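J.: Let me give you the structure first, and then I'll get to my questions.
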Amino acid sequence: CMALDLRLSQVRTGVAWEEVSIMDEKNIPIRTYQVCNVMEPSQSNWLRTDWIPRSGAQRIYVEIKFTLRDCNSLPGVTGTCKETFNLYYYESNNDREHYIRESNFLKIDTVAADESFTQVDIGDRIMKLNTEVRNVKVTTRKGFYLAFQDVGACIALISVRVFYKTCPLSIRNLATFPDTNTGADTSSLVEVKGSCVNQSEEREEPKMYCGADGEWLVPIGGCVCIPGYEEKGGACQACKVGFYRAVSTDGACSECPPHSHSEKAGATVCDCNPGYYRSETDPASMPCTQPPSAPQQLISEVNETSVVLEWSAPLRLGGRTDIRYKAGSLGDVLFSPQQSGLGATRVCVSELQAHTRYTFTIGARNGVSQGHTAGARESVSVTLTTNQAAPSPVTSIQASDVTRHDVSLAWQQPARPNGVILEYEVKYYEKNQKERSYRIMKTASRSADITGLNPLTVYVFQVRARTAAGYGEFSAPFEFSTNSVTFLPTSPCTPSTSKQDLEEEKHLNPGVRIYVDPFTYEDPDQAVHEFAKEIDASNIHIEKVIGIGEFGEVCSGRLRLQGKREIYVAIKSLKAGYADKQRRDFLSEASIMGQFDHPNIIRLEGVVTRCKPVMIITEYMENGSLNTFLRKHDGQFTVIQLVGMLRGIVSGMKYLSDMSYVHRDLAARNILVNSNLVCKVSDFGLSRVLEDESEAAYTTQIPIRWTAPEAIAYRKFTPASDTWSYGVVMWEVMSYGERPYWDMSNQDVIKAIDEGYRLPPPMDCPVCLHQLMLDCWQRDRIHRPSFTQILNILDKLIRNPTTTLRRTGGERPVPTLLEPVGGPEFVSVWSVEYWLQAIGMDMYKDTLTAAGYTSPDSLLTLTQQDMASIGIVTPSHQDQILASVQQVLLSHMQQIQEQMQDSMVPV
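Going by the numbering used here, the first residue of the sequence shown is number 217, and it counts up by one from there.
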């Protein structure tokens, strides 16, 4: 508490107050002010202090010590005797007010005694002292006066103490909070921001609240010592020599790691000793290390025009585990798996020239090799000569002079003949016969005339070359029809490809990626390790649980791999007590995800299978599932932003479809959204579940509201059934995560769809987007657009949003050609662009214009074949355009007939 300046020695006395010296209970003389006019009625005796400066106080406290005579102990007293007095105050900026009207004072309280005394008490030297405290808000002037009013009591003022309360200077969480006056109200809290002590910085803004009782409440936030300093006794002290503290989030100072030192107090990092180094990505806590020595024992194994190089690790690794190798050679050769950054001690070199001398070098490097010592560049080398080899495959075949029975073929010499080409061999067969019945033709030139072919038949051709070393491999298959000269490399695709099928596919179509079903592997771990990277569990830091999956918890955390920056990841864990089948099903999703590499497909970082718990690590998507995200931000996005989300989803689905993968569970809940609003397809675990389930279990597992009718009825899952699901996802996005078909039961949904019902357009949904949904929900799956077509449509909408996305289902539609405006002359003046907008097909404006359909007259000859040839391939769109054209033609004919009738003159 802080006392205010109170000068009782300079009080102003009113009538009847007297300054009297008395002895207290310890026989010490004290000064008092007394009044005892109890015999006279209507008393009003005032006593006032001098001006008291407020000193920043907002509420002052007045402590009064006094004695008061019991009226019953006074003989002959009438009813005018009182046992109370009044306390007043008056605020003023002036300390020279000598006279203040009594009516200007404001009353604080009426003060009564807890104990009164009698004359006998005084004689017996017994003082019954009363102490009363009152408080009042004073915030409008620089100071104030106090006044005491006697209304007819026998009273003596022993002492008056005036004070205010403060919260004292304090240091909490390395933040200093100054001496602070309490608030004006008895319940008020004064917010005070702290200042970080020397050598510290804010971790979170330090704040405390000063209570009305002068006590600090629980602190919020605080400061942390800056790097190079640690907290001791509420202050930040520099780390001692030989110690360091790298970041403010670390604990106390740490001793320098091996092979490093600090020479001054307050070090944030320890310097490496001579001959030792630290890479840019090494943490300060890591020991300083050295570059490795050269690899050892390099051996080679030559196989015709390829060679396998193997070596042993360096004798000295330099104290690091991030060792990598680089192979070197002169000439244009191919290293597999790669030339530099090799983690294994083996590399295969191919595409070498036959009978040629080569020198290969293998160098070792680690994280501190760059620019440090000659040891970083030491390498081991080997010199060898390649053997005789067969020629490489022919890369392309051209056809000319095609007739109904003959064709002339020509090709270029192989890129690597590996010797003199002695002859070529041409293999050909009818495509529908595959290779069950083929014919061979040999020629010494790079051309051949093939005769005796059947008319109107597709043939497959392959060519290979022969040297003294033997035949090379056949070229990729090329096919053509005897009534066409269009050549296309074959690219067969199947919905689910086995490992054996994949190897055949790679042989026939190099560069084509096809999805491999992990369940075709006898050993499921082989599939996991072929498509997913094994991660050391020590590199994973789990932070919190964000959900519960089918197999266990889903957490968020951080992944730190050697030489890479730390990233946030999602971690799926397999719960304890799992069966072998559960482990296989759990890891199958990783085997699937590991085959995908696309910005709109959730990225697999790796798996943990060599210790428990078994984990799948994927990239972390900050905004979670799309349906939940949209519900949380209902109505907050533009149509362009929503279409952008749909574009990302269909881009990912096109990638999956191109790889011959069918998702089977496409829904907004299985789309994840990152902080940049990029949508990525996830959840690849349903396909195997649906295949393995019984009929009864299948109908309960399948997501009815998102699944195509043929998939519900016959388990017919294809890219077209994924297209149906994508249409439902479009509806979810445009409705901000509303549940499809609302509260209808699954059986009601199946029945409604079978009867032709389709979801209506969401509020404010552009007509063209709802029409695209309806196209995705075509009953016949062959009429549904492909993901490539959907992607092209959305790209056109995004490029021209002002005209394609402005009309919504909730707006009044513009007049169509079935409702002409402007009278009979309308048919001759409407534009193609206006007509397309009217029927919701304005995405085809550029397509029709480029094909020459620029006037109403030119449209009257448009046919279904014409539309297919210029790129309008969606059947429902073709039907809608043709129906509108026919209505225009009919309307035009009716108007002509009416005009002819009006112009007829009776004979």
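By construction, the Cβ of each residue, glycine as well, lies at the ideal position given by its N, Cα and C atoms.
Nothing here was measured: the structure is a model prediction, and the numbers come from that model.
1) Express the C-alpha separation of residue 452 and residue 442 in angstroms, rounding to a whole number.
2) Between 427, 351, 372, which has its C-alpha nearest residue 236's C-alpha?
3) Which same chain residues, not among the five before or five after residue 489, have their C-beta less than 8 Å away from its C-beta?
4) Where does the unbroken alpha helix (DSSP H) through residue 942 begin, and where does it stop?
5) Distance, Cα to Cα, residue 402 vs residue 835?
6) Nearest-angstrom Cα distance between residue 772 and residue 759?
7) Could you compute how far the alpha carbon of residue 634 sits from the alpha carbon of residue 523?
8) DSSP state of residue 487, grouped into three classes?
9) Going by other Cβ atoms of all chains shown within 10 Å of its Cβ, with 16 needed for buried, is residue 255 buried or exposed?
10) Could you tell me the alpha carbon to alpha carbon distance between residue 551 and residue 939, rounded to whole angstroms?
11) Decide if residue 310 is buried, meaning its Cβ has at least 16 other Cβ atoms within 10 Å, or exposed.
12) Do you know whose CA, among 449, 549, 936, 882, lies nearest residue 947's CA?
13) Kindly indicate which residue of 864, 767, 623 has the alpha-carbon position closest to the one of residue 665.
14) Nearest-angstrom Cα distance between residue 780 and residue 1014?
15) Can the beta-carbon of residue 379 be found less than 7 Å from the beta-carbon of residue 304?
16) Consult DSSP for residue 1070 and reduce its assignment to one of helix, strand or coil.
17) Quick one: grab the DSSP three-state call for residue 255.
18) Need the endpoints of the alpha helix (DSSP H) that residue 513 sits in, please.
19) With the cut-off set at 7 Å, would you say residue 455 and residue 444 are in Cβ contact?
20) Within the same chain, show all residues whose beta-carbon is closer than 6 Å to that of residue 355, passing over the 5 residues directly before and after it, in chain order.
21) Can you give, in chain order, each stretch of the alpha helix (DSSP H) that sits fully within the segment 719-792 and has at least 4 residues?
22) Please determine, among 683, 261, 1047, the residue with the shortest C-alpha to C-alpha distance to residue 318.
23) Between 807, 801, 764, 799, which lies nearest to residue 786 when the distance is taken from Cα to Cα?
24) Report yes if the CB atom of residue 651 is closer than 7 Å to the CB atom of residue 680, and no otherwise.
25) In whole angstroms, give me the CA-to-CA distance for residue 324 and residue 416.
26) Less than 7 Å separating the beta-carbons of residue 896 and residue 816?
27) I think residue 1088 touches residue 1094, with their Cβ atoms under 8 Å apart; what is that distance to the nearest whole Å?
28) Are three or more beta carbon pairs between the segment 820-840 and the segment 798-812 nearer than 8 Å?
29) Taking the straight line between their C-alpha atoms, what separation do you get for residue 867 and residue 1011?
30) Roughly how many angstroms lie between the CA atoms of residue 966 and residue 935, to the nearest whole one?
31) Can you tell me whether residue 621 is buried or exposed? The criterion is at least 16 other CB atoms within 10 Å of its CB, across all chains shown.
32) If you draw a straight line from the C-alpha of residue 794 to the C-alpha of residue 1064, how long is it?
33) Please report the straight-line C-alpha distance between residue 618 and residue 647, rounded to a whole angstrom.
34) In whole angstroms, what separates the C-alpha of residue 497 from that of residue 782?
35) What is the rounded straight-line gap between the Cα of residue 770 and the Cα of residue 791?
36) Using C-beta distances below 6 Å, list every residue in its chain close to residue 411, excluding the 5 sequence neighbours before and after it, in chain order.
T.: Based on what the coordinates show:
1) In the sequence shown, the residue the question calls residue 442 occupies position 226. In the sequence shown, the residue the question calls residue 452 occupies position 236. Residue 442 and residue 452: Cα-Cα distance of roughly 8 Å.
2) For the purposes of this step, residue 236 is taken as residue 20 along the sequence shown, with counting starting at 1. Ranking the options by Cα distance to residue 236, first place goes to 372.
3) Position 273 of the sequence shown holds residue 489. Counting only Cβ-Cβ distances below 8 Å, and skipping sequence neighbours, we find 475, 476, 477, 504.
4) Position 726 of the sequence shown, counting from 1, holds the residue named residue 942. It spans 935-950 - the alpha helix (DSSP H) in which residue 942 sits, taken as one unbroken run.
5) Working through the sequence shown from its first residue, we reach residue 402 at position 186. Working through the sequence shown from its first residue, we reach residue 835 at position 619. If you take the alpha carbons of residue 402 and residue 835, they lie about 54 Å apart.
6) If you number the sequence shown from 1, residue 772 lands on position 556. If you number the sequence shown from 1, residue 759 lands on position 543. For residue 772 and residue 759, the distance between alpha carbons rounds to 6 Å.
7) Here residue 634 corresponds to residue number 418 of the sequence shown, with the count starting at 1. Here residue 523 corresponds to residue number 307 of the sequence shown, with the count starting at 1. Their Cα atoms are separated by approximately 15 Å.
8) The residue given as residue 487 occupies position 271 in the sequence shown. In this structure, residue 487 counts as strand in the three-state DSSP scheme.
9) Sequence index remark: in the sequence shown, residue 255 carries index 39 (1-based). Residue 255 is exposed by the Cβ-count criterion.
10) To locate residue 551, count along the sequence shown from 1; it is residue 335. To locate residue 939, count along the sequence shown from 1; it is residue 723. Taking the straight line from one Cα to the other gives about 41 Å.
11) Position 94 of the sequence shown, counted from the start, is the residue given in the question as residue 310. It is exposed - the Cβ of residue 310 has fewer than 16 other Cβ atoms within 10 Å.
12) Within the sequence shown, numbered from 1, the residue matching residue 947 stands at position 731. Residue 947 has its Cα closest to that of 882, out of 449, 549, 936, 882.
13) Counting from 1 along the sequence shown, the entry for residue 665 is found at position 449. For the residues 864, 767, 623, the minimum Cα distance to residue 665 belongs to 623.
14) To locate residue 780, count along the sequence shown from 1; it is residue 564. To locate residue 1014, count along the sequence shown from 1; it is residue 798. Those two C-alpha atoms are separated by around 37 Å.
15) The count along the sequence shown starts at 1 and reaches residue 379 at position 163. The count along the sequence shown starts at 1 and reaches residue 304 at position 88. Going by C-beta atoms, residue 379 is not nearer than 7 Å to residue 304.
16) As a working mapping, residue 1070 is identified with position 854 in the sequence shown. Residue state, collapsed to three classes: coil.
17) Your numbering for residue 255 matches position 39 in the sequence shown. If DSSP states are grouped into helix, strand and coil, residue 255 belongs with coil.
18) Here residue 513 refers to the residue found at position 297 of the sequence shown. Careful: residue 513 lies outside any alpha helix (DSSP H), inside the beta strand (DSSP E) at 512-519.
19) Here residue 455 refers to the residue found at position 239 of the sequence shown. Here residue 444 refers to the residue found at position 228 of the sequence shown. Yes, Cβ-Cβ distance for residue 455 and residue 444 is below 7 Å.
20) Sequence index remark: in the sequence shown, residue 355 carries index 139 (1-based). Same-chain partners within the cutoff: 274, 400.
21) 740-747
22) Position 102 of the sequence shown holds residue 318. Comparing Cα positions, the closest option is 261.
23) On the sequence shown, residue 786 is found 570 positions in, with the first residue counted as 1. Comparing Cα positions, the closest option is 764.
24) Here residue 651 refers to the residue found at position 435 of the sequence shown. Here residue 680 refers to the residue found at position 464 of the sequence shown. No, the Cβ-Cβ distance between residue 651 and residue 680 is not below 7 Å.
25) Indexing the sequence shown from 1 puts residue 324 at position 108. Indexing the sequence shown from 1 puts residue 416 at position 200. Roughly 47 Å separates the two Cα atoms.
26) Residue 896 sits at position 680 when you count from the first residue of the sequence shown. Residue 816 sits at position 600 when you count from the first residue of the sequence shown. Their beta carbons are under 7 Å apart, which means residue 896 touches residue 816 by this criterion.
27) Position 872 of the sequence shown holds residue 1088. Position 878 of the sequence shown holds residue 1094. With a Cβ gap of about 6 Å, residue 1088 and residue 1094 count as contacting.
28) yes
29) Your numbering for residue 867 matches position 651 in the sequence shown. Your numbering for residue 1011 matches position 795 in the sequence shown. Roughly 11 Å between the two C-alpha positions.
30) The residue labelled residue 966 in the question sits at position 750 within the sequence shown. The residue labelled residue 935 in the question sits at position 719 within the sequence shown. In a straight line, the C-alpha of residue 966 is about 20 Å away from that of residue 935.
31) Within the sequence shown, numbered from 1, the residue matching residue 621 stands at position 405. When all chains shown are included, residue 621 counts as exposed.
32) Within the sequence shown, numbered from 1, the residue matching residue 794 stands at position 578. Within the sequence shown, numbered from 1, the residue matching residue 1064 stands at position 848. Whole-angstrom Cα-Cα distance: 60 Å.
33) Along the sequence shown, one-based indexing puts residue 618 at 402. Along the sequence shown, one-based indexing puts residue 647 at 431. The alpha-carbon atoms of residue 618 and residue 647 are separated by roughly 17 Å.
34) Residue 497 sits at position 281 when you count from the first residue of the sequence shown. Residue 782 sits at position 566 when you count from the first residue of the sequence shown. If you take the alpha carbons of residue 497 and residue 782, they lie about 10 Å apart.
35) Locating residue 770 in the sequence shown gives position 554, where the first residue counts as 1. Locating residue 791 in the sequence shown gives position 575, where the first residue counts as 1. Cα to Cα, residue 770 sits roughly 10 Å from residue 791.
36) As a first step, residue 411 must be located in the sequence shown, where it is residue number 195. Contacts found: 392.
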